[in-house]
Amino acid sequence: MKLARRHFLNLAAGTVALSALSRIAAAQTYPTRPVRIVVGVPAGLAPDITARLVGQALSERLGQPIVTENRPGAGGSIATELVVRASPDGYTLLLAIASDAFNATLYPELGFNFVRDIAPVALIGTTPFVMVINPSVPAKTVAEFIAYAKAHPGEINMASPGIGTAPHLFGELFEMMTGVDLVHVPYHSSQFPDLLSDRVQVLFTGIPPALDHIRAGKLRALGVTTAKPAAVLPDVPAITEFVPGYQASGWNGIGAPKSTPAEIIETLNEKINAVISDPAMQARLVGMGVEPAPGTPAQFGKLIAAETEKWAKVVKFANIKSM
Numbered sequence: 292m293k294l295a296r297r298h299f300l301n302l303a304a305g306t307v308a309l310s311a312l313s314r315i316a317a318a319q320t321y322p323t324r325p326v327r328i329v330v331g332v333p334a335g336l337a338p339d340i341t342a343r344l345v346g347q348a349l350s351e352r353l354g355q356p357i358v359t360e361n362r363p364g365a366g367g368s369i370a371t372e373l374v375v376r377a378s379p380d381g382y383t384l385l386l387a388i389a390s391d392a393f394n395a396t397l398y399p400e401l402g403f404n405f406v407r408d409i410a411p412v413a414l415i416g417t418t419p420f421v422m423v424i425n426p427s428v429p430a431k432t433v434a435e436f437i438a439y440a441k442a443h444p445g446e447i448n449m450a451s452p453g454i455g456t457a458p459h460l461f462g463e464l465f466e467m468m469t470g471v472d473l474v475h476v477p478y479h480s481s482q483f484p485d486l487l488s489d490r491v492q493v494l495f496t497g498i499p500p501a502l503d504h505i506r507a508g509k510l511r512a513l514g515v516t517t518a519k520p521a522a523v524l525p526d527v528p529a530i531t532e533f534v535p536g537y538q539a540s541g542w543n544g545i546g547a548p549k550s551t552p553a554e555i556i557e558t559l560n561e562k563i564n565a566v567i568s569d570p571a572m573q574a575r576l577v578g579m580g581v582e583p584a585p586g587t588p589a590q591f592g593k594l595i596a597a598e599t600e601k602w603a604k605v606v607k608f609a610n611i612k613s614m
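If you're matching positions, the sequence shown starts at 292 in the working numbering and goes up one per residue.
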């Protein structure tokens, strides 16, 4: 019996060793076929454009095609779950975005845990937002806006592209930290016509779609949501100068199914960092409102965990329910 048991243990150990060697060999030759990046927003939106731009350059460095696959729906959760369920072999990746951190609390019935089930690979970049108002609001600074809003509770309409989106949550964080009472008005189409015509008065938005309106004087930029001014709006102060501790930004990066071999994650991280560190790529990303942020998988994982915890507090404070 002892010999039989020893023989069984030897066979089991051998199987484990062969499996490990097989994974290492696969990682060393990775990739040998096309890689897909699953994106949780429709084609043509900023995250999709970022995925395609970085994917094209990454394809050249990996020597294999990178295919972008759009799977919009449920705030991006459909795409995330697809990747969670995929084989952890490095051939199905996720364009992870800030809404993935929001969704962890917005959608309590998700069949996965974003922090646990998606392995961080590489952060691509962060996206500053800007707080803009219709010039009819008599405020030239964030401090003046807060004073005006407190004097007119429930009279200022805050636009967003929908419940649980970044502009909505960034505005709710502002309300939570300042004590102002804004009326949230979600849109399924562009908010800008109503903002320009003064039907709504304030919007937290990505910078590119607002830039021409700001420069033309049709909208007034009060502050950017990041810790320091954005390169494209150097004269607009950070909101945190008036609301200490306020900070919010979009972000996107690449994730993979958990249990993806470390060697594959390291390969992808190295190549993605090289792509976004290229000066020509950096210029293109900055032009799209994305500030490149190369780093390690561990650093990206730390950001994901912190963002998930932060926005859970905001969602609960504002009692936001997904539609």
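Just so it is clear, CB atoms sit at the ideal spot from N, CA and C, and this is done for glycine as well.
What you are looking at is a predicted structure, and each value in this text was computed from that prediction instead of being measured.
Problem - Helix, strand or coil at V307 according to DSSP, with G and I counted as helix - result: In the sequence shown, counting from the first residue as 1, residue 307 sits at position 16. Residue placement at V307 cannot be trusted, given a pLDDT of 48 that sits under 50; what the coordinates show is reported in the next sentence. V307 sits in a helix when the DSSP states are folded into three classes.
Handout entry: Meets three-Cβ-pair contact criterion under 8 Å: the stretch 513-522 and the stretch 536-552
Key = Inter-segment contact for the stretch 513-522 and the stretch 536-552 is present: three or more beta-carbon pairs are separated by less than 8 Å.
Practice task
Starting from F420, follow its DSSP beta bridges and name the residues at the other end.
Solution key: As a position in the sequence shown, residue 420 is number 129, starting the count at 1. Per DSSP, G497.
Problem - Status (buried if at least 16 other CB within 10 Å, exposed otherwise) for G364 - result: Residue numbering aside, residue 364 sits at position 73 when the sequence shown is read from its first letter. Exposed.
Exercise for the section: Check the C-beta distance from F420 over to G497 and give it rounded, since I have them as a contact under 8 Å. Expected result: Reading the sequence shown from its first residue, position 129 is the one you call residue 420. Reading the sequence shown from its first residue, position 206 is the one you call residue 497. Contact between F420 and G497 holds: their C-beta atoms lie close to 6 Å from each other, under 8 Å.
Exercise for the section: Can you check DSSP and say which residues form a bridge with W542? Expected result: Numbered from 1 along the sequence shown, position 251 holds the residue referred to as residue 542. When DSSP reads this structure, W542 sits in a beta bridge with T417.
Exercise for the section: List the endpoints of the continuous alpha helix (DSSP H) containing V491. Expected result: Residue numbering aside, residue 491 sits at position 200 when the sequence shown is read from its first letter. Neither: V491 is in no alpha helix (DSSP H) and is coded neither H nor E.
Problem - Paired residues, beta bridge with S451 - DSSP - result: The residue you call residue 451 lines up with position 160 of the sequence shown. Answer by DSSP bridge pairing, in chain order: P477.
Practice task
Take L384 as the anchor and find which of T396, P322, F495 and A438 has the nearest alpha-carbon.
Solution key: Reading the sequence shown from its first residue, position 93 is the one you call residue 384. For the residues T396, P322, F495 and A438, the minimum Cα distance to L384 belongs to P322.
Exercise for the section: Could you pull the start and end residues of the beta strand (DSSP E) that R511 belongs to? Expected result: As a first step, residue 511 must be located in the sequence shown, where it is residue number 220. Annotation: the continuous beta strand (DSSP E) that includes R511 extends over R511 to V515.
Problem - Assumed close pair P444, S451 - CB separation to whole angstroms, cut-off 8 Å - result: As a working mapping, residue 444 is identified with position 153 in the sequence shown. As a working mapping, residue 451 is identified with position 160 in the sequence shown. 19 Å between Cβ atoms; not a contact.
Exercise for the section: Name the residue from A589, V581, P520 and G580 whose alpha carbon lies nearest to the alpha carbon of A553. Expected result: Counted from its first residue, the sequence shown places residue 553 at position 262. It is A589.
Handout entry: Where the beta strand (DSSP E) through T359 begins and ends
Key = To locate residue 359, count along the sequence shown from 1; it is residue 68. Element bounds for T359: I357 to N361.
Problem - Cα-Cα separation, S378 to T531 - result: The residue you call residue 378 lines up with position 87 of the sequence shown. The residue you call residue 531 lines up with position 240 of the sequence shown. Using only the alpha carbons, I get a separation of about 42 Å.
Exercise for the section: Assign F393 to buried or exposed, taking buried as 16 or more other Cβ atoms, counted over all protein chains shown, within 10 Å of its Cβ. Expected result: Here the question's residue 393 lines up with position 102 in the sequence shown. So F393 counts as buried.
Exercise for the section: Pull up the distance between the alpha-carbon of K431 and that of K604, whole angstroms please. Expected result: Along the sequence shown, read from residue 1 onward, the residue named residue 431 stands at position 140. Along the sequence shown, read from residue 1 onward, the residue named residue 604 stands at position 313. If you take the alpha carbons of K431 and K604, they lie about 30 Å apart.
Handout entry: Terminal residues of the beta strand (DSSP E) in which T383 lies
Key = Here the question's residue 383 lines up with position 92 in the sequence shown. Per DSSP, the unbroken beta strand (DSSP E) holding T383 starts and ends at T383 to I388.
Exercise for the section: Return the CA-CA distance between K562 and V326, expressed in angstroms with no decimal places. Expected result: Translated into positions along the sequence shown, residue 562 becomes position 271. Translated into positions along the sequence shown, residue 326 becomes position 35. A direct Cα-to-Cα measurement between K562 and V326 gives close to 14 Å.
Problem - Three-state secondary structure (DSSP) of V606 - result: For the purposes of this step, residue 606 is taken as residue 315 along the sequence shown, with counting starting at 1. Under the three-state reduction of DSSP output, V606 falls in the helix class.
Problem - Simplified DSSP state of A518, which is helix, strand or coil - result: If you number the sequence shown from 1, residue 518 lands on position 227. For A518, the secondary structure class from DSSP, reduced to helix, strand or coil, is coil.
Exercise for the section: From the DSSP output, in three-state form, read off V523 for me. Expected result: Residue 523 sits at position 232 when you count from the first residue of the sequence shown. In the three-state reduction of the DSSP assignment, V523 falls in the coil class.
Exercise for the section: Grab the span of the beta strand (DSSP E) containing I328 for me, first residue to last. Expected result: In the sequence shown, the residue the question calls residue 328 occupies position 37. Residue range V326 to V330 is occupied by the beta strand (DSSP E) that includes I328.
Practice task
Have a look at G546, V566, V406 and D485 and flag the residue whose alpha-carbon is nearest the alpha-carbon of P585.
Solution key: Position 294 of the sequence shown, counting from 1, holds the residue named residue 585. Nearest of G546, V566, V406 and D485 to P585, Cα basis: V566.
Exercise for the section: Please report how far the alpha carbon of L397 lies from the alpha carbon of P500, in whole angstroms. Expected result: Working through the sequence shown from its first residue, we reach residue 397 at position 106. Working through the sequence shown from its first residue, we reach residue 500 at position 209. Per the coordinates, the alpha-carbon of L397 lies some 26 Å from the alpha-carbon of P500.
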